[in-house]
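So the mapping is simple: the numbering used here equals the position in the sequence shown, first residue as 1, plus 982.
Ideal Cβ placement from N, Cα and C applies to all residues, glycine included.
As the structure is a prediction and not an experimental result, all values here were calculated from the model.
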Amino acid sequence: MDHIQQIITLQNIDSQLQEIAELLGDLPKKVEELKDEESSLVQSLEDGKSRIKELDVELNKSEGLVKDINLKINKYKDQLFLVTSNKQYDSLQLEIDHLKDELDGIETILLEHTEEKEQLEEKVQSEEENLDLLKKDLIDRRSKLETLMNESSEQKLKLESDRKVQIGA
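The following block contains the structure:
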């Protein structure tokens, strides 16, 4: 009969320990998931901001190239009026056409970079807002978790101690 009483007591202790675990629920797991999500968002934000800086450099470089090419085109156009032979005229015209093709390519790249930068800026802004909300949620859940853990910690330790005593008896 003594063994049955010991098993019943052990079952009661296990039930109470289970209640404590259920009280905490999946909150520790959720907090961990939120921390992972926060880390992921922070990394994404850093990557986005880094790419925006790279695009700014590329945009400035491309804009400088556009100015240089336009100056060269204007210089060659001015020289067209000074040429004395068809061969010189054709050579200058060919060079102007080549520069215009180069200019078209650079302007296309410029537009692509500008579009990518705008999209990244929108994404970064959205992620920053999401990160703020996530941080607030994480703070709330952490405080709830700490409160629950503190409330149940002493009780859990006592129950685990009682369980060891019952098993050892």
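- Around the beta carbon of Ser1143, fewer than 16 other beta carbons lie within 10 angstroms, which makes this residue exposed.
- The segment 1118-1125 makes contact with the segment 1009-1023; the number of CB pairs closer than 8 Å reaches 3 or more.
- Our two residues, Asn1132 and Leu999, have alpha carbons roughly 15 Å apart in a direct line.
- Closest in C-alpha terms to Asp1050, from the list Lys1082, Leu1062, Leu1076, Leu1027, comes Lys1082.
- The beta carbons of Leu1023 and Glu1109 sit closer together than 8 Å.
- Here DSSP, grouped into helix, strand and coil, assigns Leu1064 to coil.
- Note that the C-beta distance between Ile1078 and Leu1047 is not below 8 Å.
- Within the same chain, and ignoring the five residues on either side of Leu1092 in sequence, the residues whose Cβ sits closer than 8 Å to its Cβ are Leu1041, Ser1044, Glu1045, Val1048.
- Gly1030 is a Cβ neighbour of Lys1105, given a cutoff of 8 Å.
- Across the structure, Glu1103 and Leu1116 are spaced so that their CA atoms are roughly 20 Å apart.
- The Cβ atoms of Tyr1071 and Leu1062 lie closer than 8 Å to each other.
- Note on geometry: alpha-carbon atoms of Gln1107 and Leu1113 lie some 10 Å from one another.
- Between the alpha carbons of Lys1011 and Leu1120 lies a gap of roughly 12 Å.
- Counting other Cβ atoms within 10 Å of its Cβ, Ile995 reaches 16 or more and is therefore classed as buried.
- By the 16-neighbour rule on beta-carbons within 10 angstroms, Leu1141 is buried.
- Of all alpha-carbon atoms in Asn1068, Ile1034, Leu1053, the one lying nearest the alpha-carbon of Thr1096 is that of Ile1034.
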